[in-house]
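*Asks:* Before we start, here is the structure in question, set down as structure tokens.
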Ligand SMILES: *Cc1c(COP(=O)(O)O)cnc(C)c1O
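In full-length UniProt numbering, the protein residues as written are 1 to 454.
Below, the structure is given as structure tokens:
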């Protein structure tokens, strides 16, 4: 076929398909022919590992399986594979078996925050809906490593229906994020059905798909798939490029076709030691993404999942990368750096400090060059008391356009219309002492009932 380069032809023939190269652009061929054993990888890589090394790889695979699409595998630089970013994201490393004391199987408590099969409902107005536990390529840095290759937990139509029912009976949900696994592992027909069901729910405003297919198997972006996706707008897609090398001609074409189908594209990278922990590399990656109509959305600090400790960087590395982007390049090319809080706290944005000091009517700021400047605040700002009665307010927000949710957390502390003044941890020892019955019989035990509302 005209599309295949020399290396791709070589990979096809080593997979035992020497008579035909016609499968290369068929995504299902890649899924069927994914490289899953150390021996197959050695053959295609053209190397022979020492017995000792092979045994270590195999031990790792026993706990965390491997699956690499021939397409993604063909991107590995054979000459220098050990420091190749594609190899490192796809090939097992014995260090995955090191479990450090802080590692957790489910650090984000996705399973605990699950009110229905496949649903993680963490934020007030949106849910994560795990619609597939399959991926075409198993990322070594997967935050859901605990589930990788767990074929038994692929949800069937009945389980998906339970998730859909939860969304239907929960009017607060206006944003549904399809995740997995990779949602694009579902057939076009199954996706069409699923998206149609979700789209039929009046309170769902947007649907998002999180998929790494544009990176690891861009041939999945077929005309048939695009026809399905286009039917269910507004639909957004976030993908997962971690390195500029992954933006090949084929993946760029897949991105262009999705953008042409009217799908706004975003990217979620993970900061990974020895793969992309470099400000210059990240700047290149993000600029190339923007060139391909993909908006860098998040850059994640690597999670505390088991087997990822060798991929983790200090938080300072992420701050340094953001420092090298803000001001230096298009704002469009600057993602939000987030730490997904262990225990289900959700994503927490991290930024370099730009505010240096503050007086009564002045803020002292510094810019990306290190210039220190001041912003003078207005001396005649009339604060207006907000009782959440939009009809009597001078600002014109139609109540129909406003959300119904009350204030949560810090927003509550800042509001006029809720009298909460502090948020107190449930197990605060000082307050527990006030509430405890007195041990001393001479004490009348009338502890003041001070309990912060919250
Ligand atoms: C990341 C995530 C979302 C979406 O968060 P956004 O900041 O809106 O992109 C929703 N639910 C869960 C559980 C998540 O982890």
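The beta-carbon is built from N, C-alpha and C at its ideal position, and this holds for glycine as well.
As the structure is a prediction and not an experimental result, all values here were calculated from the model.
Would you mind sorting residue 68 into buried or exposed? The rule is 16 or more other CB atoms within 10 Å of its CB.
*Replies:* Flag for residue 68 reads buried.
*Asks:* Examine ligand 1 and report whether any of its heavy atoms sits within less than 7 Å of the Cβ of residue 398.
*Replies:* Incorrect: residue 398 has no Cβ contact closer than 7 Å to ligand 1.
*Asks:* Where residue 412 and residue 405 are concerned, what is the direct C-alpha to C-alpha distance, given to the nearest angstrom?
*Replies:* Near 11 Å, if we compare the C-alpha coordinates of residue 405 and residue 412.
*Asks:* Where does residue 351 land, buried or exposed, given buried means 16+ other C-beta within 10 angstroms?
*Replies:* Exposed.
*Asks:* Any chance the CB of residue 122 is under 7 Å from a heavy atom of ligand 1?
*Replies:* Residue 122: yes, Cβ under 7 Å from ligand 1.
*Asks:* What does DSSP give as the partner residues of residue 130 in its beta bridges?
*Replies:* DSSP, once it has assigned bridges, lists 179 as partnering residue 130.
*Asks:* Shorter than 7 Å, the distance from the beta carbon of residue 174 to the closest heavy atom of ligand 1, or not?
*Replies:* Not so, every heavy atom of ligand 1 lies at least 7 Å from the Cβ.
*Asks:* Pull up the distance between the alpha-carbon of residue 400 and that of residue 390, whole angstroms please.
*Replies:* Rounded to whole angstroms, residue 400 to residue 390 spans 10 Å at the Cα level.
*Asks:* Among 312, 266 and 26, whose alpha-carbon lies nearest the alpha-carbon of residue 295?
*Replies:* Looking at the Cα atoms, 266 is the closest of the given residues.
*Asks:* May I have a chain-ordered list of the alpha helix (DSSP H) segments no shorter than 4 residues that lie completely inside the region 94-152?
*Replies:* Taking only runs of at least 4 residues, no alpha helix (DSSP H) segment lies wholly in the region 94-152.
*Asks:* Return the chain-ordered ranges of every beta strand (DSSP E) run that is complete within the region 275-302 and spans a minimum of 3 residues.
*Replies:* Qualifying beta strand (DSSP E) stretches, in chain order: 294-300.
*Asks:* Going by beta carbon distance, what residues of the same chain come within less than 8 Å of residue 329, once the five residues before and after it are set aside?
*Replies:* Excluding residues within five positions, the ones whose Cβ falls inside 8 Å are 283, 286 and 287.
*Asks:* Check for me: the alpha helix (DSSP H) holding residue 308 runs from which residue to which?
*Replies:* No alpha helix (DSSP H) contains residue 308, which DSSP labels as neither H nor E.
*Asks:* In chain order, what residues of the same chain have a beta carbon less than 7 Å from the beta carbon of residue 8, not counting five sequence neighbours either side?
*Replies:* For residue 8, where only same-chain residues beyond five positions count, the Cβ hits under 7 Å are 24 and 74.
*Asks:* Taking 8 Å as the threshold (C-beta atoms), are residue 263 and residue 247 in contact?
*Replies:* In this structure, residue 263 does not lie closer than 8 Å to residue 247 by Cβ.
*Asks:* Taking only three categories from DSSP, how would you classify residue 341?
*Replies:* DSSP places residue 341 in strand when its eight states are reduced to three.
*Asks:* Put residue 464 into one of helix, strand or coil per three-state DSSP.
*Replies:* Outside the shown range of the chain, which is 1 to 454, sits residue 464, and nothing can be said about it.
*Asks:* Give me, in chain order, the residues of the same chain whose beta-carbon lies closer than 6 Å to that of residue 61; leave out the 5 immediate sequence neighbours on both sides.
*Replies:* If we look at residue 61 and ignore the five residues flanking it on each side, its Cβ neighbours are 92.
*Asks:* Drop a sphere of 10 angstroms on the beta-carbon of residue 277, count the other beta-carbons inside from all chains shown, and report buried for 16 or more, exposed for fewer.
*Replies:* Classification for residue 277: buried.
*Asks:* If you reduce the DSSP assignment to three classes, tell me which class residue 210 lands in.
*Replies:* Three-state DSSP puts residue 210 in a strand.
*Asks:* Shortest alpha-carbon distance to residue 134 belongs to which of 200, 6, 65 and 291?
*Replies:* When each option's Cα is compared against that of residue 134, the closest is 65.
*Asks:* Determine the DSSP secondary structure at residue 156, reduced to helix, strand or coil.
*Replies:* Coil.
*Asks:* Going by the beta-carbon positions, is the gap between residue 164 and residue 125 smaller than 8 Å?
*Replies:* Not closer than 8 Å, so no.
*Asks:* For residue 481 and residue 333, what's the separation of their Cα atoms in angstroms?
*Replies:* Given that the chain is displayed from residue 1 to residue 454, the structure contains no residue 481 and the question cannot be resolved.
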